[in-house]
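**Q** Read in the working numbering, the sequence shown has 183 at position 168, and its numbers run on one by one without any break.
Note that the Cβ used here is the ideal one computed from N, Cα and C, for glycine as well.
Take this structure first; my questions come after.
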Amino acid sequence: MPVEMDLADTLSARARVEQVAWPGGHVCWRGFGSGSPVVLVHGGHGSWLHWVRNIDALAAQHTVWAVDLPGFGDSDAPAGEGLAPLLGPTLSTLDALVGPDTPIQLVGFSFGGLVAAHMAAQRPHVQRLALLGTGGHQGRRRPKGELVNWKPAWRAGNTAAIEQAMRHNLAMHMLSVRAEDIDPLALRIHTEACVRTRFRSKEISRSGGLVETLGSYAGPILLAWGEHDVTAEPAAIASTLSVALPGAQTRVVDGAGHWVQYERADEVNPMLLAWLGALSPR
16 MPVEMDLADT
26 LSARARVEQV
36 AWPGGHVCWR
46 GFGSGSPVVL
56 VHGGHGSWLH
66 WVRNIDALAA
76 QHTVWAVDLP
86 GFGDSDAPAG
96 EGLAPLLGPT
106 LSTLDALVGP
116 DTPIQLVGFS
126 FGGLVAAHMA
136 AQRPHVQRLA
146 LLGTGGHQGR
156 RRPKGELVNW
166 KPAWRAGNTA
176 AIEQAMRHNL
186 AMHMLSVRAE
196 DIDPLALRIH
206 TEACVRTRFR
216 SKEISRSGGL
226 VETLGSYAGP
236 ILLAWGEHDV
246 TAEPAAIAST
256 LSVALPGAQT
266 RVVDGAGHWV
276 QYERADEVNP
286 MLLAWLGALS
296 PR
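See the structure below:
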C-alpha cells in the first residue's frame, strides 16, 4: 500500500474527536495541534478530509479544528434544507467547542467557502477569513464535461464501476489531472465523502450571495483559486471580487484545479500560514 494512502488513517488516529451536541443531534469536530484557533470548512460532497494535505502544516502553528458539516461525514443531518439549518448547528457547536468570545480564523473551500463567509458575517471575533475556490460568486463556470451518476454502481456493489465514475468525476470537477492519474488518496477521500453526504449543497453554492454576505464582515479576506478551477474563471472572478470587496486579496495558484489545497498543498500551505500568521487587532 502506498505510504500516502495511510495519511487519512494517520490523521484520523491522531485527531481529538469532539461530537458536540445541538438540539437536532451532534456535529463532529476534529482537533489538531496547539495555538490560535483555525477552523477549516470543507466543500460539498466532502468531509474534514478535504484538508488532508493541509492539517499538519497548519497544526504546527495553530490549533486546527476541522468540521464535518451537518449532513456530511460523521455529523448528523440538519433539521431542514437550505443554508440556515446547516449554519445554526455549525456555529452553536463551534462556540460550545472553543467559547463564543474566542477569536478564530476561518478557512473555507468551495461550498464551505460560502458557509465560512456566512459564519464570519454572523460570528463576532473572526479575525481573518480565507476562501479557496469559493461558491456563491455567481460568476461564469467552465465545466470540462458531464459528471457520472455513481449511485447505481454503488447500489449494485460494482466496485470497478464505482471507481471509474469517481475517477471521472474527480478529473472533470476537482483536479486538473487525467482520470487515470488520480491518486489513491484522492480517490478514497472523494468516494467515502460522496457516499456519506446527506445534504444537497449544489443549488446553494450556485445561488450567489457571497459578495453581499462578505459585505457584513469587516475583517481581512483572502480569495484563492486553482488556475484550472472549473467552478470559475479565476482571473476574471478575482478581478470582479476585488472591485466588489475593496481590500480583499486574491491569488491564482498555478497548475491546480478546484481542489487547490490538495493538488498544490506545497503552495497553499505556506500561503495560508503567512495569511493566518499576520493577525491584526479587531
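In chain order, which alpha helix (DSSP H) runs of at least 4 residues are fully inside the segment 28–83?
**A** Counting only runs of 4 or more, we get 70–74.
**Q** Might you give, ordered along the chain, the residues of its own chain that have their beta carbon closer than 7 Å to the beta carbon of Pro104, omitting 5 neighbours on each side?
**A** Counting only Cβ-Cβ distances below 7 Å, and skipping sequence neighbours, we find Trp37, Gly39, Val42, Pro85, Pro93.
**Q** When you compare the CB positions of Val32 and Arg157, do they come within less than 7 Å of one another, or not?
**A** No, the Cβ-Cβ distance between Val32 and Arg157 is not below 7 Å.
**Q** Determine, using beta carbons only, whether His133 and Leu102 come nearer to each other than 7 Å.
**A** Their beta carbons are under 7 Å apart, which means His133 touches Leu102 by this criterion.
**Q** Quick one: what does DSSP say Gln153 is sitting in, helix, strand or coil?
**A** DSSP places Gln153 in coil when its eight states are reduced to three.
**Q** Could you have a look at Leu260 and say whether DSSP puts it in helix, strand or coil?
**A** Coil, per DSSP.
**Q** In terms of alpha-carbon separation, which member of Leu147, Glu195, Glu207 lies closest to Asp83?
**A** Selected option, being the one with the closest Cα: Glu207.
**Q** Taking a contact to mean a Cβ-Cβ separation below 7 Å, would you say Tyr232 touches Ala136 in this structure?
**A** Against a cut-off of 7 Å, the Cβ pair of Ala136 and Tyr232 comes out as a contact.
**Q** In this structure, how does DSSP classify Phe87 when only helix, strand and coil are distinguished?
**A** Looking at Phe87 - three-state DSSP - the assignment turns out to be coil, as it is neither helix nor strand.
**Q** Would you mind working out which of Arg193, Arg45, Gln34 sits nearest Leu26, comparing C-alpha positions?
**A** The residue with the shortest Cα to Cα distance from Leu26 is Arg45.
**Q** Tell me the rounded alpha-carbon separation between Ser49 and Val122.
**A** One C-alpha to the other measures close to 17 Å.
**Q** Considering only their Cβ atoms, is the gap separating Leu185 from Arg138 smaller than 7 Å?
**A** Cβ atoms of Arg138 and Leu185: not closer than 7 Å.
**Q** With burial defined as no fewer than 16 other Cβ atoms inside 10 Å of the residue's Cβ, what is the status of Ser254: buried or exposed?
**A** So Ser254 counts as exposed.
**Q** Would you tell me roughly how many angstroms separate the C-alpha atoms of Pro167 and Val210, rounded to the nearest one?
**A** Approximately 12 Å between the Cα atoms of the pair.
**Q** Return yes when the Cβ of Ala247 is within less than 7 Å of the Cβ of Trp240, no when it is not.
**A** Going by C-beta atoms, Trp240 is nearer than 7 Å to Ala247.
**Q** Enumerate, from N- to C-terminal direction, the unbroken alpha helix (DSSP H) stretches of 4 or more residues contained entirely within the segment 145–230.
**A** Listed in chain order, the complete alpha helix (DSSP H) runs (minimum 4 residues) inside the segment 145–230 are 166–171, 174–184, 199–211, 217–221, 225–229.
**Q** Put Ala247 into one of helix, strand or coil per three-state DSSP.
**A** In the structure shown, Ala247 sits in coil (DSSP, three-state: anything other than H, G, I, E or B).
**Q** Rounded to the nearest angstrom, what separates Val267 and Leu112 at their Cα positions?
**A** Approximately 33 Å between the Cα atoms of the pair.
**Q** Could you compute how far the alpha carbon of Gly272 sits from the alpha carbon of Leu109?
**A** Taking the straight line from one Cα to the other gives about 30 Å.
**Q** Using a threshold of 7 Å, state whether the C-beta atoms of Pro115 and Gln142 are closer than that.
**A** No.
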